Every structure is written in structure tokens, then in C-alpha cells.
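Residue numbers (the working numbering): 1349 to 1711.
All C-beta atoms, glycine included, are put in the ideal place defined by N, C-alpha and C.
If you're wondering where the values come from, they're calculated on a predicted model, not measured in any experiment.
Below is one structure, written out as C-alpha cells; comments come after it.
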């Protein structure tokens, strides 16, 4: 099959055709395009002038930044406060442990995304060993100074809450989705009640219930760690949303898939694990990643139960210092860049995963 004739045209000619068809097809579209470009050039040039050309870079004292206040960004606040921004109130002499835990955590995530580790036992060994190592580094003991969870904070807390909040919520969400479609009335009713109840309240309410109200129902003298309670709340909250995403994937599959599994003599769980769920989960990859990204950003709400996540650590590192508190915008931009980096990585990986798993569309 020969390529279309347009493929033989010069790149410049094809680019002009694309611009004419998409941006300048009508006088109204041309006007909107020109206005948008003008606005972007004005805003972009102002931002570049403030953030790059007239900015204070590297380590500098606050007097240098005050001399240019309003004219350029003071990135020196990042160079001065980056340890407090990344690790919060974790003891300064032990912050190397937090940094190593973040590196290990990110390495686990990257290795898990590689096809070579797509085996149940390999993933289980990787996550179990890596999680225990990170817990040892953060908590201490066995030749390391113990650090209570009340002093944990910053990026390690955000990563831990987001990753484990998704890791444990995912299988629970699948079970809830299957339960909502179950032929057993009690299982179906219980799944519907749980999903609708949790999805009907904000995450702040669930965190508050887990941190404050849950302790009131425990026997006297029995208590759970505050961080653990927040983690459980996030898992239970995310499971309800994941359940609805998975249910949408299950409903999208044609009835013929179930009939084919029945013809092969497969039982219920064999049908679900080998035929139905792999297809349903592949269909819902974009929605699942969107849920993961939301979960990663929603971890900033744990400050309501006095857990110092990354965003709050950035805020406190700048606001609590009277000399640097005027440069909180630069601190928030730094936090935004870190959040964007992780969210973009998840989004980009999901696109690769969709293409990799779309075997039925390959030539």
C-alpha cells in the first residue's frame, strides 16, 4: 500500500496546511488565534522577565532579594529552605534518611513500571522489601535513632499516603465493583451502600472521622497511630471511586465475553481474573490515572488532622521565617513544579501503557 500523496509534500507546506485548517480556517478563528497568541506573548514575556531575567539565583541573603522586591523572583529562598520544604520537621541531622527513603520509593515505582517486573512474586518481593527498608529509615531503630511519626513530614509523607492509598485501594475497589454487579442481594446492597456513602462526603470529612471520631469508638487504652488512621481513611475513600471506574469498564464489555468464558467451562473467578478484568482495566486506564493524580494532589488535605505533607511543609518553611515570608510565591511555584513533575510522569506513563496493551490494534 503506497503512502498518501500528502506525505510526499514538503514539511513546510504540510505545516501551512495544518495552520490554515486548524487555526485560520475562518476570520473568527483567525482573530481568536491572534488574540490568544498576543495574550500568551504578553504574559509569557512578563513571567520570563520576572522569573528568569531579573531573578535572584543561588544562595543570597534576604537583603539582595529585598532590593529587587517586585521586579524579579527570589529563588534564593528555595536554596535556603529546600531541606525544610522537602522533609518538614524531620530532625535536621537525620534528614539524609528521609532523602534516601524518597529515592528508594521512587526507584520502587520506576521498577514496578518496567515490564521485567510484571510478575506477581517479583512485584511482591520488590514492594515488601522496599517498604520495610523505607519504614526502617524513617522510623529508626536497629542502629538508627528512633523518630516518631509525629515528626515525619514533607515529600516522604505525600508519597507514602498517595502510593499506599492507591496500592491498597485498588484491589478493594475491584472487589466493590464486582460486589455491586453481584447476583447476591446482600453483597450487592452492601457494596452500593458503601460506594454511595463514601462518594457522597468530602475527603476532609473522612479524614476527620478517621482521626477524631474513630478513636471514640475504641476501647479505653487502645489507639492507632495518627498517620495510620489517615492512611486507612485515604484507602477507604479512594476505593469507592476506583470501584465506579472499574464498574464502568465492566459494563463496557460485550456480553459475548461472558458467554465465551462460559463455553470454555470457566468458573466465576476464573472468568473475572482471566477474561473480564484484564479487558476492563485496560479500557479504564485513562480514568484510573486521573484518579491516581487526584489522589496524589488530595494528600495535601491531611493537614486537617495535623499531618505535615509536602505542600504544608513548603508553606511553613517560608511563612514561619519573618525574613523570607514575603517570598511565599516562589515557594508555591517550587511546590507546583514538584507536583507537576510527578503528575506528568504518571500521565505520560499511562499513555505508553495504553499503547503497549493495545495488542488488538497492532498491525
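Item	Value
Helix or strand or just coil, what does DSSP make of residue 1495?	coil
Measure the alpha-carbon distance for residue 1683 versus residue 1659 and round it to whole angstroms.	6 Å
Tell me the rounded alpha-carbon separation between residue 1710 and residue 1599.	Its pLDDT being 49, under 50, residue 1710 is placed unreliably in this model, and the coordinates cannot settle the point.
For residue 1429, is the classification buried or exposed, using 16 other Cβ atoms within 10 angstroms of its Cβ as the cut-off for buried?	buried
How many Å lie between residue 1493 and residue 1441 at the Cα?	10 Å
Starting from residue 1734, trace the alpha helix (DSSP H) in both directions and tell me its first and last residue.	With the chain covering 1349 to 1711 only, the question about residue 1734 has no answer from this structure.
I need the DSSP call for residue 1573, collapsed to helix, strand or coil.	coil
Where does the unbroken alpha helix (DSSP H) through residue 1519 begin, and where does it stop?	1517-1528
Have a look at 1694, 1669 and 1632 and flag the residue whose alpha-carbon is nearest the alpha-carbon of residue 1645.	1694
Fully enclosed by the segment 1636-1687, which alpha helix (DSSP H) runs are 4 residues long or longer?	1658-1667
Pop quiz: residue 1501 and residue 1661 are said to be a contact at Cβ under 8 Å. What is the actual Cβ separation, rounded to whole angstroms?	5 Å
Give every residue of the same chain whose Cβ lies closer than 8 Å to the Cβ of residue 1407, excluding the five residues on either side of it in the sequence, and list them in chain order.	1424, 1427 and 1428
Could I get the ranges of all uninterrupted alpha helix (DSSP H) runs contained in the segment 1429-1491, with 4 residues as the minimum, in chain order?	1443-1461 and 1468-1487
Give me the residue from 1678, 1698 and 1641 with the minimum Cα distance to residue 1688.	1641
When DSSP labels each residue in this structure, what does residue 1366 get in the three-state scheme?	helix
Evaluate the contact criterion for the segment 1588-1597 versus the segment 1517-1531: three or more CB pairs, one atom per stretch, below 8 Å.	yes
Roughly how many angstroms separate the alpha carbons of residue 1349 and residue 1358, rounded to a whole number?	The predicted model places residue 1349 with a pLDDT of 47, which falls under 50 and marks its position as unreliable; any figure quoted below should be read in that light. One C-alpha to the other measures close to 21 Å.
Please give the ranges of any alpha helix (DSSP H) in the segment 1355-1419, keeping only runs that are unbroken, at least 4 residues long and fully inside the region.	1359-1370, 1375-1396 and 1410-1415
Specify the secondary structure class of residue 1597 as computed by DSSP and reduced to three states.	helix
Less than 7 Å between the CB of residue 1409 and some heavy atom of the ligand FMN, yes or no?	Absence of the ligand FMN is noted for the structure shown, with no ligands found whatsoever.
With DSSP collapsed to three states, give me the class of residue 1604.	helix
Residues in its own chain within less than 7 Å of residue 1499 by CB, not counting five upstream and five downstream?	1437, 1438 and 1439
How about residue 1649 and residue 1555: do their beta carbons lie closer than 8 Å?	yes
Going by CA-CA distance only, name the one from 1624, 1451, 1634 and 1509 that's closest to residue 1584.	1509
Taking Cβ to Cβ, would you say residue 1614 is nearer than 8 Å to residue 1622?	yes
As a quick exercise: from 1368, 1371, 1454 and 1631, pick the residue whose alpha carbon is nearest that of residue 1478.	1454
Mapping the DSSP letters down to three states, classify residue 1613 as helix, strand or coil.	coil
Around the Cβ of residue 1417, are there at least 16 other Cβ atoms within 10 angstroms (buried) or fewer (exposed)?	exposed
Contact check, residue 1546 vs residue 1588 under 8 Å by CB: the rounded distance?	4 Å
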